[in-house]
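Engineer:
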Amino acid sequence: MECVVHTTIGGYPMSSTVNRYNRWYFRPEDRVIRCRERGPETLEFEFVYSITADTLRRRLGRAGYNRATLEREFWKYYEKVCMMSEGGSLHFTGESAEAYGEAFRMSGSLGGWLNALETAVETGVTPARRAAEAFKVTGNPYVDIITGPDKPPFEDLEPEHGLLGFPCSTFNNMAVALLEITDGNAVCELDVTSFVLHRGDITFDDMLGRRDEY
21 MECVVHTTIG GYPMSSTVNR YNRWYFRPED RVIRCRERGP ETLEFEFVYS ITADTLRRRL
81 GRAGYNRATL EREFWKYYEK VCMMSEGGSL HFTGESAEAY GEAFRMSGSL GGWLNALETA
141 VETGVTPARR AAEAFKVTGN PYVDIITGPD KPPFEDLEPE HGLLGFPCST FNNMAVALLE
201 ITDGNAVCEL DVTSFVLHRG DITFDDMLGR RDEY
């Protein structure tokens, strides 16, 4: 079976990977095992790495990722898309392609994109939800772009995260963007449950009493 690992920031899905995962900036001491009752005789376990947004922000900062690196990447992304794309619709498809292309060209500010990202988070608009609704428009073109299926056709702008339309490609700077609009005490998690239950992942064995040391 396929094993999926989810990364969330403040509960909002940032990335999902299939049959692989990287622990990223999570550490062994961040591990948590949750147990819930699913029925009178059934227990459900979750195996996650869990930290606060403030902790993740500090770890990213020590690694050199912050608002300044996000700004630089945003401008590189924005300028390449605007200068190298053909046609008014840029790389967008569908009935709203022209409108999205115009909105993208007129954006020119990271702050505006962060506002739209915050709107998406607060209203629970995610790529998965949009896909389930055939990418019906939300009324905010920037929210539509961020959570939509379209991405630039340039190899160096290939997104490493699941918010394909947000104008930054790297995983770390996408995390910085989400942290910009997330409360410091919000929870950030890497859920590796499927790997532990179905792929023989041993990284939680010491917590389960299966061996003496991690």
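In the numbering used here, each number is its position in the sequence shown, counted from 1, plus 20. Glycine residues also receive a C-beta, built at the ideal position from the N, C-alpha and C atoms.
Do you know offhand how far CYS55's Cα is from VAL68's?
Structural biologist: Their Cα atoms are separated by approximately 11 Å.
Engineer: If you scan the region 69-153 from start to end, which runs of the beta strand (DSSP E) of 3 or more residues do you find wholly inside it?
Structural biologist: Qualifying beta strand (DSSP E) stretches: none in this window.
Engineer: Please report whether the beta-carbon of ALA148 lies at a distance below 8 Å from any beta-carbon of chain B.
Structural biologist: Among the chains in the structure shown there is no chain B, since it carries only a single protein chain.
Engineer: Please report the straight-line C-alpha distance between THR158 and ASP225, rounded to a whole angstrom.
Structural biologist: Cα to Cα, the separation comes out at about 44 Å.
Engineer: Please name the residue in ALA123, ASN39, ILE166 whose C-alpha comes closest to that of SER16.
Structural biologist: There is simply no residue 16 to check, as the chain begins at 21 and stops at 234 in what is shown.
Engineer: For ASP170, report the span of its beta strand (DSSP E) as first-last.
Structural biologist: Per DSSP, ASP170 belongs to no beta strand (DSSP E) and is neither H nor E.
Engineer: Just grab the DSSP bridge partners of PHE155 for me.
Structural biologist: Looking at the DSSP assignment, PHE155 forms no beta bridge with any residue, so it has no partner.
Engineer: Grouping DSSP H, G and I as helix and E and B as strand, with all else coil, what is SER214?
Structural biologist: If DSSP states are grouped into helix, strand and coil, SER214 belongs with the helices.
Engineer: GLU93 to PRO60, Cα distance in whole Å?
Structural biologist: Near 51 Å, if we compare the C-alpha coordinates of PRO60 and GLU93.
Engineer: Once DSSP output is grouped into helix, strand and coil, what is the label at MET34?
Structural biologist: Looking at MET34 - three-state DSSP - the assignment turns out to be strand.
Engineer: When we look at the beta-carbon of ILE201 and count the other beta-carbons within 10 Å, is it buried (16 or more) or exposed?
Structural biologist: Looking at its Cβ environment, which holds 16 or more other Cβ atoms inside 10 Å, ILE201 is buried.
Engineer: On the three-state DSSP scale, how would you describe PHE67?
Structural biologist: Three-state result, PHE67: strand.
Engineer: Can you tell me the Cα-Cα spacing of ARG219 and THR37, whole angstroms?
Structural biologist: Whole-angstrom Cα-Cα distance: 14 Å.
Engineer: Within the chosen definition, does the region 123-139 reach the region 170-181 through at least 3 CB pairs nearer than 8 Å?
Structural biologist: The region 123-139 is not in contact with the region 170-181.
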